[in-house]
Structures are given as C-alpha cells and as structure tokens.
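Participant: Shown below is the structure under consideration.
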C-alpha cells in the first residue's frame, strides 16, 4: 500500500518516455499514433493526480510510515492543515507543481483550433518539462520515501503554515507560475512550426491572461496572509520570495498588453515570443532562489543547496534552449512597423518598456546579494529603500498613461480626442498642490494619491459612458475594470504606507492609550488550550466617542510539538481604516509589550487587487 504513490510516479514517467518516443513517429496521416499520443498525455495527468491524492490520503490518515508525513504532520493537527500540509513542504509542493503542469497538458489536448503540428510540438515540449520535474522529484525530493522506524507520532507542520491561507495561496501561485510553461511551449513551437498566426495568438492570449490573473490572485492572498500573520503591520516587504512572484507578474502584464497589438506584419511578434519565454524563465529562476537557500527569506519553507543545483540545471536547459531557438530562428517581419505617433499602439509599447525595466530592476536587486557573495564571500541584503526608490519612479510613466490608453485610437490622435483628461489632470494637480502647501504631508503621498485618482477617475468615466450607450459588449470593459482596480490599489498602497501610525508601549491590564481618536483599553489576558497548541489571548476594547465599538483579540501561540511560539495579529477591519494590535512579551504578571498600528485605507489594496482579478476573468470571455 505504501508503495502505491511511488508506483504511480514511475508509471507516469514511463508513460512520458513513451510519449516522447511517439512524437518522433508522428506523421501527417498517422491518426492512430496521434490518438495514442494524446491519450498518453491525458493518462499522465491521471497518474499524477492519483499519486497526489494518495499522498493526501497518507496525510489525512496520519500514516507516519511515510517519511514526508512524519516530518510535516501530526495526529492532533486539524484536518484542513493535514490537507494543506501536503504542499506545505518542498516534496509535496513539487508534486503539486507537477500535477498542475500535467493538468495544463491535459486541458491543452482538448484544444481543437490549433494546427496539429503546432499542437503536437507544444505537447511534446510540455512533456519534456514535466518529465524533467518528475526526474528531479524522484532523484532529490521523493515524497513517497518509506519511514522504516514506524513511529507513532509525527513532528508537525511549521506553525506559521498552519493557516487557512496555505490552502489557497500556493496553489494559486503555482497555477500562475506553471501555466506560463505552456505559454513558453507555445512560443517555441510557434517558431519551429512557423505557425504564429491568429489561432496561436488567441491561445497564447487566453493562457497568458488566465495565468497572470491567477498569479495576481495568489499574490493578493499572500500579501493579506503576510499582513495578519507576520505581525509587522504591513502587506509587502520586498522579501526575495515576494520579488520572485512580482517578476513574472510584471513580464506577464507586458505580455498581455503586447498581445493586443500583435498582427501578421508587426515587429512586436518577436517581442511577444521573447516575453512568452521570459515569463516562465523568471518563474523557474524564482523557484531556484526560493528553494536553494542562496537568499534568506521569511517566506521560504524549503531550502537545500543540493536541490538548488538540480533546479538551476533545469532552468538553464529550458531557458537556454528556448532562447537559442528564438535567436536562431526569429520570426520574419516586414519592414513596415507602425508609426509611433501618440496613439494606443505607442502607449502599449511604453507600457511594455516600463514593465520590463521594472522587472529587471527587481531582478537586479534580488540577485545582487548572490553575485556579491559568490565573488567576495560577503552576505548582504537589499531591502525596501532600494526597491522603493527605483521601482516606483520607473513604473510612474506607465501608470500615468494607463488612464489615457483605453480612450486612444489605433491611429494618430488629435488633442481634442482626450481634452477632458487634461482638465482632470490639471484639477488633480491643483488640488494636490494646495494640499501640499497647506499641510506637512509626505510629497510622495500627494503624488501617489494624484496618480491613483488619475487612473481611477477617467476609467470610471469611460466605463459609465459605455454603460449609458448600452454598448456592454465592448472589449474595453475588462481592461477598464482592471484599471479601476489598479487605481483603488494605488490609493490604498499610498495612504496606508504614508499615513500609517505606530505605537509601541508597555501596558498593564486595565490601562488604555489614545490613537487617532480611538481609546484602546487592554482588557484582559487568558490562556486557552487548543488541539495542537496553547494560546495566550489578549483582549482589547476599542472605544470611539465614549462608545465601545468592538473588541480585538491578539494571540501568542505555543506549539508543544515543535516548541515554537508564534504571534497572531488582532485586527479590526473598517472600510477606511484598520486597527492592528500585536501582543508581545510578558514583562511581568500584569504587564505586556503591546504594538498597535493604525492603517488607513489598507483594505483598498486587496479590494483593488480583487477588482483587477475580476477584470482579468471577464476578459477571458471576450477572447
């Protein structure tokens, strides 16, 4: 029974070897071999799914005869954490990665609009990549190794990972990351078969938008998880793991916009192919950074330099081969590029430049410590000051054009076509100027608010115009919705970052403090025993205008199995503000270190991100 998962994985890789062999026997009229080729691809997804479900069964049943279950689970752990614990470790998460890749392969076999040669070659490259990851798993990260000591109890899951967000955050990220592998395979196959046509563009656009949307949703969930779990009062820390998710997000955004301007005679074709390869390449590079241990991260849950070498080999093989094909056989284009007059085409080109430069700026800041350490043996970290001072100014031009681009035509535009934008921009500048003069606010805060409103207001105006005209089937609608989401997100990021208030104080039970018009009273502390941890709960009463408006509970948890202490933030969510409380060290029997944040409009960050995701989802229906 314990060998079931191992057997399924071996069958899967043998099936993949058969599929690779079948590819070389595919002929134009060989329908039987082609059918076997497709069936074999689908069977591989079934084998991997069964193996994954079997590992999940071992976790649910607390079968500690499996070494992976022994190291990452415990019989007292709640069911949801037993299930999510399957991918809360290196081995299980790698199996999830392979499962998602095989499901993408399965879904792609159902596509009937693509040329058979293009379709078969794409499946072939996907099979090669899937096989490489299966080999990597079998050689270095096998989740089905038998624990011959036959223990009665396991060691438990990392307490930080015992959170409902673990159930959705990694799968969403992987759906985004891994999905870009299919975009890469389509790009390479399109080059080799010379089938960069309308059907190819449609398929690439569908998968790119879907992957980017899922990646956006995964990053959103992860940022909210970090917000309430890590106890820092923030939502983004420029941690290496956050950076590696941001890089394919930026290039994916550039890819989506470039796919809107591609056509048969366009010079943008080669650029689209380049971005298609780059998205998954950055996903692989990020995987190496996260799992190799070359950079310290508060998010990393698995790091091994030996495994990192194998990931690096896979990265160089896939990326190197793909870019080699791209360089050796570039897409032929006619020498008639579109005019770069002020039109939709030119603004999308600028968007691509901005996103790509921002991506490589993040990449430089992330890998520079690795390069420096390899040369000088000196370990440093590149933190928020570098990224804030470089990335933000770089993306600013793209944000300014975001509001204008949807209203522009593909041809040359007249100044009268968007004169009301000039009025809006002038109005915002005037308001911001007076706010700055009459207050001591951070100038970056004023700029951020101006940019957020600049993106938000014109997008809303255009959307309302479309609704009034009852032209609800316009292709502009998904983009406008996403732009509205981005405007709200920018406002949330700006206001919550610039006007955040922080108070750290030793409080005795019964004492209170004032913060931004609220009276916060330290009510009591009580101990509670849960299934797999003991928690100390501090209760705080929140009073506004002499009226109690609610209570906030902040916890310190002790996990006996791992002998680990974690802190759970207590948060009162209001539309325009969050009151965020962390209970710290016990000074004496009656006194505790308390940290309190006042975060204005921080909810706009996740609201804006979710609206952006919604725009991405409905755009799939328009393709």
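In my numbering, the protein residues as written are 2 to 624.
Glycine is no exception: its CB is placed at the ideal position from the N, C-alpha and C atoms.
Quick caveat, the model's predicted, so the values are computed rather than measured.
Three or more C-beta pairs under 8 Å: does that hold for the segment 613 to 623 against the segment 516 to 536?
Facilitator: No, the segment 613 to 623 does not touch the segment 516 to 536.
Participant: Since residue 27 contacts residue 41 with CB under 8 Å, what's their CB separation in whole angstroms?
Facilitator: Residue numbering aside, residue 27 sits at position 26 when the chain shown is read from its first letter. Residue numbering aside, residue 41 sits at position 40 when the chain shown is read from its first letter. With 8 Å as the limit, residue 27 and residue 41 do not qualify as a contact, their Cβ atoms being about 12 Å apart.
Participant: For the beta strand (DSSP E) containing residue 260, name the first residue and the last one.
Facilitator: Translated into positions along the chain shown, residue 260 becomes position 259. First-last for residue 260: undefined, no H or E at that position.
Participant: When the Cα atoms are used, what is the spatial distance from residue 604 to residue 44?
Facilitator: Indexing the chain shown from 1 puts residue 604 at position 603. Indexing the chain shown from 1 puts residue 44 at position 43. Residue 604 and residue 44: Cα-Cα distance of roughly 44 Å.
Participant: Once DSSP output is grouped into helix, strand and coil, what is the label at residue 1?
Facilitator: Outside the shown range of the chain (2 to 624) lies residue 1, about which nothing can therefore be said.
Participant: Return helix, strand or coil for residue 151, following the three-state DSSP convention.
Facilitator: Here the question's residue 151 lines up with position 150 in the chain shown. Correct three-state label for residue 151: coil.
Participant: Measure the Cβ-Cβ separation of residue 458 and residue 425 and say whether it is below 7 Å.
Facilitator: Along the chain shown, one-based indexing puts residue 458 at 457. Along the chain shown, one-based indexing puts residue 425 at 424. It is a contact, given that the beta carbons lie within the stated cut-off.
Participant: How would you write the range of the beta strand (DSSP E) that residue 509 sits in, first residue to last?
Facilitator: Position 508 of the chain shown, counted from the start, is the residue given in the question as residue 509. 502 to 509 is the span of the beta strand (DSSP E), which, as asked, contains residue 509.
Participant: Who are the near neighbours of residue 169 in its chain, counting only those whose CB is closer than 7 Å to its CB and skipping five residues on each side?
Facilitator: Residue 169 sits at position 168 when you count from the first residue of the chain shown. Around residue 169: 222.
Participant: From residue 204 to residue 198, what distance separates their C-alpha atoms?
Facilitator: The residue labelled residue 204 in the question sits at position 203 within the chain shown. The residue labelled residue 198 in the question sits at position 197 within the chain shown. C-alpha separation (whole angstroms): 10 Å.
Participant: How far does the alpha helix (DSSP H) with residue 203 in it reach, from first residue to last?
Facilitator: The residue given as residue 203 occupies position 202 in the chain shown. Segment 199 to 230, the alpha helix (DSSP H) holding residue 203.
Participant: Give the single residue among 241, 388, 257 whose Cα lies nearest to the Cα of residue 214.
Facilitator: Within the chain shown, numbered from 1, the residue matching residue 214 stands at position 213. Comparing Cα positions, the closest option is 257.
Participant: Which runs of the alpha helix (DSSP H) spanning at least 4 residues fall entirely within the segment 536 to 581, listed in chain order?
Facilitator: Fully enclosed alpha helix (DSSP H) runs of 4 or longer: not present.
Participant: Along the chain, where does the beta strand (DSSP E) containing residue 600 start, and where does it finish?
Facilitator: In the chain shown, the residue the question calls residue 600 occupies position 599. Taken as a continuous stretch (DSSP letters only), the beta strand (DSSP E) holding residue 600 covers 592 to 601.
Participant: Please name the residue, chosen from 291, 583, 115, 476, that lies closest to residue 507 on a Cα-to-Cα basis.
Facilitator: Along the chain shown, one-based indexing puts residue 507 at 506. Of 291, 583, 115, 476, the residue nearest in Cα terms is 583.
Participant: Going by alpha carbons, who is nearest to residue 368 out of 356, 353, 357, 384?
Facilitator: In the chain shown, counting from the first residue as 1, residue 368 sits at position 367. When each option's Cα is compared against that of residue 368, the closest is 384.
Participant: Below 8 Å, how does it come out for the segment 185 to 192 and the segment 321 to 328: are there three or more Cβ pairs, yes or no?
Facilitator: Yes, since at least three Cβ pairs between the segment 185 to 192 and the segment 321 to 328 fall closer than 8 Å, the two stretches touch.
Participant: Are the segment 473 to 488 and the segment 524 to 538 in contact at 8 Å, needing three or more beta carbon pairs?
Facilitator: With the cut-off at 8 Å, the segment 473 to 488 and the segment 524 to 538 do not touch.
Participant: Specify, as a first and last residue, the run of the beta strand (DSSP E) that residue 482 falls within.
Facilitator: Reading the chain shown from its first residue, position 481 is the one you call residue 482. Here residue 482 belongs to no beta strand (DSSP E); instead the alpha helix (DSSP H) covers 477 to 499.
Participant: Look at the Cβ atom of residue 602, then the Cβ atom of residue 577, and state whether they are nearer than 7 Å.
Facilitator: Counting from one through the chain shown, the residue named residue 602 turns up at place 601. Counting from one through the chain shown, the residue named residue 577 turns up at place 576. For residue 602 and residue 577, yes; Cβs fall inside 7 Å.
Participant: Per DSSP, what are the beta-bridge partners of residue 520 in this structure?
Facilitator: Counting from one through the chain shown, the residue named residue 520 turns up at place 519. According to DSSP, which records beta bridges pairwise, residue 520 is partnered with 515, 544.
Participant: Which word fits residue 1, buried or exposed, when buried means at least 16 other C-beta atoms lie within 10 angstroms of its C-beta?
Facilitator: Because the chain is modelled from 2 through 624, residue 1 falls outside the range shown and cannot be assessed.
Participant: Are the beta-carbon atoms belonging to residue 244 and residue 396 less than 7 Å from one another?
Facilitator: By one-based count along the chain shown, residue 244 stands at place 243. By one-based count along the chain shown, residue 396 stands at place 395. No, Cβ-Cβ distance for residue 244 and residue 396 is not below 7 Å.
Participant: Residues in the same chain with beta-carbon distance under 8 Å from residue 99, minus the five sequence neighbours each way, listed in chain order, please.
Facilitator: Here residue 99 refers to the residue found at position 98 of the chain shown. So the list reads 49, 131, 134, 135, 138, once near-sequence residues are dropped.
Participant: Quick check on this structure: which residue in 586, 592, 579, 611 has the alpha carbon closest to the alpha carbon of residue 229?
Facilitator: Counting from one through the chain shown, the residue named residue 229 turns up at place 228. That would be 579, whose Cα lies nearest to the Cα of residue 229.
Participant: Could you name the residues that DSSP lists as bridge partners for residue 396?
Facilitator: In the chain shown, counting from the first residue as 1, residue 396 sits at position 395. DSSP output for residue 396 lists no bridge partner at all.
Participant: Residue 36: which of 20, 47, 51 sits nearest, CA to CA?
Facilitator: Position 35 of the chain shown, counted from the first residue, corresponds to residue 36. If we check each option's Cα against that of residue 36, 20 comes out closest.
Participant: Is it buried or exposed, residue 558, if we count other Cβ atoms within 10 angstroms and call 16 or more buried?
Facilitator: Along the chain shown, one-based indexing puts residue 558 at 557. It is buried - the Cβ of residue 558 has at least 16 other Cβ atoms within 10 Å.
Participant: Can you look up residue 383 in the DSSP assignment and give me helix, strand or coil?
Facilitator: Within the chain shown, numbered from 1, the residue matching residue 383 stands at position 382. In this structure, residue 383 counts as coil in the three-state DSSP scheme.
Participant: Answer yes or no: do residue 357 and residue 406 have a C-beta to C-beta separation smaller than 7 Å?
Facilitator: Indexing the chain shown from 1 puts residue 357 at position 356. Indexing the chain shown from 1 puts residue 406 at position 405. For residue 357 and residue 406, no; Cβs fall outside 7 Å.
Participant: If you measure from the CB of residue 218, is any heavy atom of the ligand FMN nearer than 6 Å?
Facilitator: Only the bare structure without any ligand can be found here, which leaves the ligand FMN out of the picture.
Participant: From the beta carbon of residue 547, is the nearest beta carbon of chain D less than 7 Å away?
Facilitator: This model lacks chain D altogether, as it is built from one protein chain only.
Participant: Residue 55 and residue 86: beta carbons closer than 7 Å?
Facilitator: Counting from 1 along the chain shown, the entry for residue 55 is found at position 54. Counting from 1 along the chain shown, the entry for residue 86 is found at position 85. Result no, Cβ atoms of residue 55 and residue 86 do not sit closer than 7 Å.
Participant: How long is the line joining the alpha carbons of residue 376 and residue 365, rounded to whole angstroms?
Facilitator: In the chain shown, residue 376 corresponds to position 375, counting from 1. In the chain shown, residue 365 corresponds to position 364, counting from 1. Distance between the alpha carbons of residue 376 and residue 365: 16 Å.
Participant: Are residue 91 and residue 13 closer than 7 Å when you measure CB to CB?
Facilitator: Taking the chain shown and counting its residues from 1, one reaches residue 91 at position 90. Taking the chain shown and counting its residues from 1, one reaches residue 13 at position 12. No, the Cβ-Cβ distance between residue 91 and residue 13 is not below 7 Å.
Participant: Measuring straight from C-alpha to C-alpha, what distance separates residue 127 and residue 610?
Facilitator: Within the chain shown, numbered from 1, the residue matching residue 127 stands at position 126. Within the chain shown, numbered from 1, the residue matching residue 610 stands at position 609. Answer to the nearest angstrom: the Cα atoms are 31 Å apart.
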